[in-house]
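Undergrad:
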Amino acid sequence: MEKIPDEVNSLLEEIAVGFPVLLGENLTGIYLYGSLTQGAFDPGRSDIDCIVVTRGELSDGEFTAVGEWLENSSARNPWTAKLQMSFLLRTQVLVMDSKACLYQFGRLVRCGSDGNPIFWINILKSGVTLYGPPAGEFVPEITPAILHEALVRETGYLRDELRNEKSEWRDVPKYRAYAVLTLCRILYSRATGEIGSKPEAAEWARAALPLELQEIVDRALKGDSEEIPLERISEFVELVSERLDRFGISDLGFRI
Numbered sequence: 176m177e178k179i180p181d182e183v184n185s186l187l188e189e190i191a192v193g194f195p196v197l198l199g200e201n202l203t204g205i206y207l208y209g210s211l212t213q214g215a216f217d218p219g220r221s222d223i224d225c226i227v228v229t230r231g232e233l234s235d236g237e238f239t240a241v242g243e244w245l246e247n248s249s250a251r252n253p254w255t256a257k258l259q260m261s262f263l264l265r266t267q268v269l270v271m272d273s274k275a276c277l278y279q280f281g282r283l284v285r286c287g288s289d290g291n292p293i294f295w296i297n298i299l300k301s302g303v304t305l306y307g308p309p310a311g312e313f314v315p316e317i318t319p320a321i322l323h324e325a326l327v328r329e330t331g332y333l334r335d336e337l338r339n340e341k342s343e344w345r346d347v348p349k350y351r352a353y354a355v356l357t358l359c360r361i362l363y364s365r366a367t368g369e370i371g372s373k374p375e376a377a378e379w380a381r382a383a384l385p386l387e388l389q390e391i392v393d394r395a396l397k398g399d400s401e402e403i404p405l406e407r408i409s410e411f412v413e414l415v416s417e418r419l420d421r422f423g424i425s426d427l428g429f430r431i
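Below, the structure is given as structure tokens:
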């Protein structure tokens, strides 16, 4: 793994100090996941992924204060633009459509949570707690059924995006690479019950794929995303979907 830039460490330290001041007693904890916690961080391609857990929904005042803090941070530190930060309710971290907020692409918005357990499996295994108690104190048990349902849902999201001719994402080269590597991670998790980094899951998955799909995995890993055909990604989606259908919940090698 390449050296983590000092500016990334500075941003994380500022979040760990600043958010308790902004949110006070409403703040439960701040948890880092993704490539930074999996030995796969690439300064040229990686985002900074974290979850802020609160006791209650952000008030209008808190929402404004957090938005202003992030805007000021982006003026000081370019890595704030690579921050993907979800705000979830402590008692509803695995609940679909619960009230949430998301900071992404430099914008903070209110939204609904997709109740994704995949992030939490990463956090429970290798995540970094920037502030607050261990996540295991409040995250409900993530059963094989919950993981399987999430993998099916993630595959469906990708299928819908790729089929949507009005999508703003499907013709974006970086999104195509993201889709390919996400499908590799879904296969990896289906077989192992673990959450691997994108490079780890891609190297694992490609060995079991036909040559034409191995090629798009290689391109995604190299960042050669301009050359990934949409039809090949669609084939990959259907292969993953078929394997999820064929191998049910009982086949997951689920371990935390």
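The numbering of the sequence shown is my numbering, which starts it at 176 and goes up by one.
For each residue, glycine too, the CB sits at the ideal point set by N, CA and C.
Source: prediction; values computed, not measured.
Opposite residue 261 in the DSSP bridges: which residues?
TA: Partner(s): 226 and 277.
Undergrad: Please report the straight-line C-alpha distance between residue 238 and residue 402, rounded to a whole angstrom.
TA: Cα to Cα, residue 238 sits roughly 41 Å from residue 402.
Undergrad: When burial is assigned at 16 or more other CB atoms within 10 Å of the CB, is residue 184 buried or exposed?
TA: It counts as exposed.
Undergrad: Do you know how far the Cα of residue 207 is from the Cα of residue 303?
TA: Between residue 303 and residue 207, the C-alpha separation is close to 5 Å.
Undergrad: Which same chain residues, not among the five before or five after residue 205, have their C-beta less than 8 Å away from its C-beta?
TA: Excluding positions up to five away in sequence, the list reads 190, 191, 194, 225, 226, 227, 228, 304, 305, 306 and 307.
Undergrad: Enumerate in chain order the residues of its own chain whose CB-to-CB distance from residue 267 is below 6 Å, with the five nearest sequence positions on each side excluded.
TA: Excluding positions up to five away in sequence, the list reads 273.
Undergrad: Using a threshold of 8 Å, state whether the C-beta atoms of residue 223 and residue 259 are closer than that.
TA: Taking 8 Å as the Cβ cut-off, residue 223 and residue 259 qualify as a contacting pair.
Undergrad: Thinking just about the alpha-carbon of each residue, which of 319, 199 and 210 is nearest to the one in residue 179?
TA: Comparing Cα-Cα distances from residue 179 to each of 319, 199 and 210, the minimum goes to 210.
Undergrad: Count Cβ pairs between the stretch 230 to 250 and the stretch 341 to 350 that sit closer than 8 Å; are there 3 or more?
TA: Too few Cβ pairs lie closer than 8 Å, so no.
Undergrad: Compare the C-beta of residue 230 with all C-beta atoms of chain E and state if any pair is closer than 8 Å.
TA: Protein chain content of the structure displayed is limited to a single chain, and chain E is not contained in it.
Undergrad: Among 256, 233 and 255, which has the Cα closest to the Cα of residue 263?
TA: Nearest C-alpha to residue 263: 233.
Undergrad: With distances taken Cα to Cα, identify the nearest neighbour of residue 214 among 372, 331 and 334.
TA: Comparing Cα positions, the closest option is 372.
Undergrad: Looking at C-beta atoms only, is the number of pairs between the stretch 314 to 324 and the stretch 375 to 385 that lie closer than 8 Å three or more?
TA: The stretch 314 to 324 vs the stretch 375 to 385: no contact.
Undergrad: Quick check on DSSP: helix, strand or coil for residue 207?
TA: Reduced to three states, the DSSP call for residue 207 is strand.
Undergrad: Could you tell me which residues DSSP puts in a beta bridge with residue 306?
TA: Its beta-bridge partners are 205.
Undergrad: Quick check on the burial criterion: 16 or more other C-beta atoms within 10 angstroms. Buried or exposed for residue 283?
TA: Its Cβ being crowded by 16 or more others within 10 Å, residue 283 is buried.
Undergrad: Can you tell me where the alpha helix (DSSP H) holding residue 485 begins and where it ends?
TA: The question about residue 485 has no answer here: the residues shown for the chain are numbered 176 through 431.
Undergrad: Name the residue from 405, 398, 251 and 276 whose alpha carbon lies nearest to the alpha carbon of residue 217.
TA: Among 405, 398, 251 and 276, the Cα nearest to that of residue 217 is on 398.
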